[in-house]
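One structure is given below, encoded as structure tokens.
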Amino acid sequence: MTILIIFIISIISTNLLTSARNTDNLGEVKIVIAVTGDLLATDKVQLTAEKLMNRSIEDPYLRVASGYERLFSKSVIENLSSADLTFGNLEEPLAEGLTEKWYFDDEGRPVCEKIDVEPGDPYDGKAYKYNPRMIINAHPAFALALKNIGYDIVSTANNHFSNRASNGIDATIESLRRADLDFVGTIKYDEIIDENNDGYPDNKPYVVKTVKGVKVAFLAFTVPLNHVVSGFQLLPVFLGRLPPADEICSRQVYSILSNNAPIKFNIENFCEGIKEAKSVSDIVLVSTHFGIWQRHEPSILQRKIAEIFLEAGADVIVGHGPHVIQPIEEYIAHDGRKCFIIYSLGNFLTSGGTEGYPLYNSLVSFIGFINIIKYPDGKVVVKNITHIPTFSLKTKDGLTRVVIAKNYGLKRAEELVQIVLNGSKLDRILLTQKYLSRLPGIRILTFGDLLFDHWILAKWILEDLRLH
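Per my numbering, the sequence shown starts with residue 76, numbered consecutively.
If you want it as structure tokens, here you go:
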């Protein structure tokens, strides 16, 4: 009898405990946002898409899209599509039939020439190509492929946005709209609102997506702007001003640079956009294109900009730009919010490589999973960010595939992610030097990026001094 009573009490206690646990979670809503690094359609990526196309598909647009979809392994697609929202950085224009040859039209607008192209050819070497000066353009069907594998929204605010001049920005927007893929960061030329005439667009800079009753606002902002002619971003360092073609293109993007307004004003304008986005959403995610190429340690400028955006109301900073991964940090804002900064997600898609590739670190990335909880009282918080290491792999037949590192036994890639995310500042500096020492030419380009980063910071400080 005693044993029976103890057994009954045990069952009741277990049920009460289980009930209490369920009650704790009762009414909670959990959503996951997957974020990825640069989607960089290099020449090898475009050639792989051409080789992997499903040639039984009659529609050329859908046929090209099928080739781009096959760049991503099944497990990668499963991870992207399983999230409630998926976001990435589109690192090139998707401008149909536009070559890199440009001129000023009758209105004084920089435009690229348009040629007749074969609609089913993703790499024709004229309109769709990637040249040594890092000027790039990809087939419009790439947008549909991204939509089909799980992407909901992309950033178009980065240093390659002007690689097909002003009409290329317009054409890219049309390509994204055709694929029903949302975007943030750029606007069409005839949609520019600039009542202050400061070169900074007054248009609403955010898109709000609602999932399970949780409203998430996305914004995108870039620091570097590449020169339309050369493809590089160093020219403004020596001129102190944006050249005419770049100034016009810069009006179509949310950027730190413009000729008519100080850096501080452009950042404050963007912060106003963040505050407005926060007023109509629960969580604000800001994609920021910044940082020094090939460096695993964030720069002073990156940290300064991230802090300003978080204090303005952003909850998560998703960084792109260095083309290698950088750490994830937690930040407590003055209003008590727990925020996060992913300084750089690196290259999610780029020309594939193997163990012997000198810049192996540029092939390593990770999918970040932003875990959000909405409590029964209506409070919404970012709980944490988890990750899965990925790798742009060169297969035995010379093709590029984006894979989950663990599934392919890529322990070196997994270890690199752990060093960057969990190691010390010294670990990240030593890792940077390890790879830069292998290619002196890359070291020179990285120094140029460092110069640009410091020039921006110095310009900002000097402008502040003049204003006061």
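In this text, a Cβ means the ideal position worked out from N, Cα and C, and glycines have one as well.
None of these values were measured; they are calculated from a predicted model.
Separation of leucine 101 from threonine 247, as counted between CA atoms = 44 Å
task = Please look up how many angstroms separate the CB atoms of glutamate 489 and proline 464, rounded, as I've assumed it's under 8 Å.
result = 5 Å
message = Under DSSP, the beta strand (DSSP E) around alanine 389 begins and ends at which residues?
response = Here alanine 389 belongs to no beta strand (DSSP E), and DSSP marks it neither H nor E.
key: Within the segment 367-417, ranges of the beta strand (DSSP E) (whole runs, at least 3 residues)   = 391-395, 403-407 and 413-417
query = So, valine 151 versus isoleucine 479, is the Cβ gap smaller than 8 Å?
reply = yes
request  = Spatial neighbours of glutamate 144 within its chain, please: CB distance less than 7 Å, with the 5 preceding and 5 following residues excluded, ordered by chain position.
outcome  = Ala220, Asn223 and Ile224
request  = With DSSP collapsed to three states, give me the class of threonine 470.
outcome  = coil
ask   = Within the present structure, is the beta-carbon of serine 230 separated from the nearest heavy atom of the ligand COA by less than 7 Å?
value = What this structure holds is no ligand at all, so the ligand COA is not there to describe.
query = Exposed or buried, which one is lysine 287 when buried takes at least 16 other CB atoms within 10 Å?
reply = exposed
request  = Please classify isoleucine 536: does DSSP put it in a helix, a strand, or coil?
outcome  = helix
message = Given a cut-off of 8 Å on the beta-carbon distance, is the pair tyrosine 329 and alanine 295 in contact?
response = yes
request  = Label tryptophan 535 either buried or exposed according to how many other C-beta atoms from any shown protein chain fall within 10 Å of its C-beta, with 16 as the threshold for buried.
outcome  = buried
ask   = For serine 148, does the three-state DSSP call read helix, strand or coil?
value = coil
query = Hey, how far is the Cα of lysine 449 from the Cα of alanine 408?
reply = 19 Å
Valine 355 burial status per 10 Å Cβ neighbour count (16 or more: buried) = exposed
request  = Whole angstroms is fine: what's the gap from lysine 149's alpha carbon to lysine 350's?
outcome  = 39 Å
message = Can you look up histidine 462 in the DSSP assignment and give me helix, strand or coil?
response = strand
ask   = Nearest CA to the CA of cysteine 324: which residue from Glu347, Val361 and Gly183?
value = Gly183
task = Just grab the DSSP bridge partners of threonine 231 for me.
result = None, per the DSSP bridge assignment.
query = Going by other Cβ atoms of all chains shown within 10 Å of its Cβ, with 16 needed for buried, is serine 362 buried or exposed?
reply = buried
request  = State buried or exposed for serine 230, treating a residue as buried only when at least 16 other CB atoms are found within 10 Å of its CB.
outcome  = buried
ask   = Near phenylalanine 82, what residues of its chain come up, given a Cβ to Cβ distance below 6 Å and the 5 sequence neighbours on each side ignored?
value = For phenylalanine 82, the predicted structure reports a pLDDT of 44, less than 50, and the residue's modelled location is therefore unreliable. The matter cannot be settled from this model.
task = Label asparagine 549 either buried or exposed according to how many other C-beta atoms from any shown protein chain fall within 10 Å of its C-beta, with 16 as the threshold for buried.
result = The question about residue 549 has no answer here: the residues shown for the chain are numbered 76 through 543.
task = Under 8 Å by Cβ, that's how I've got valine 110 and isoleucine 417 pegged, so tell me the actual separation to the nearest angstrom.
result = 7 Å
request  = Identify whether glycine 428 lies in helix, strand or coil by the three-state DSSP scheme.
outcome  = strand
message = Helix, strand or coil for tyrosine 143? Go by DSSP, reduced to three states.
response = helix
key: threonine 98 - DSSP class collapsed to helix/strand/coil   = Low confidence applies to threonine 98: its pLDDT is 35, below 50, so where it sits in the model is not reliable, and the reading given next is rough at best. Residue state, collapsed to three classes: helix.
key: Sub-8 Å separation of valine 457 and valine 393 beta-carbons   = no
task = Have a look at glutamate 153 and glutamine 401 and give me their C-alpha separation to the nearest angstrom.
result = 24 Å
query = Cα-Cα, which of Leu115, Phe258 and Glu538 is closest to lysine 339?
reply = Glu538
ask   = Closest by CA to alanine 216, which one among Arg239, Ala170, Asn238 and Gln508?
value = Ala170
3 or more residues per run - each beta strand (DSSP E) lying fully within the segment 473-521 = 475-479
message = For asparagine 446 and aspartate 191, what's the separation of their Cα atoms in angstroms?
response = 46 Å
request  = Specify, as a first and last residue, the run of the beta strand (DSSP E) that lysine 176 falls within.
outcome  = 173-179
inquiry  = Under 8 Å, with one C-beta from each stretch per pair, do the segment 131-139 and the segment 468-484 reach the 3-pair mark?
reply    = no
For threonine 123, three-class secondary structure by DSSP = helix
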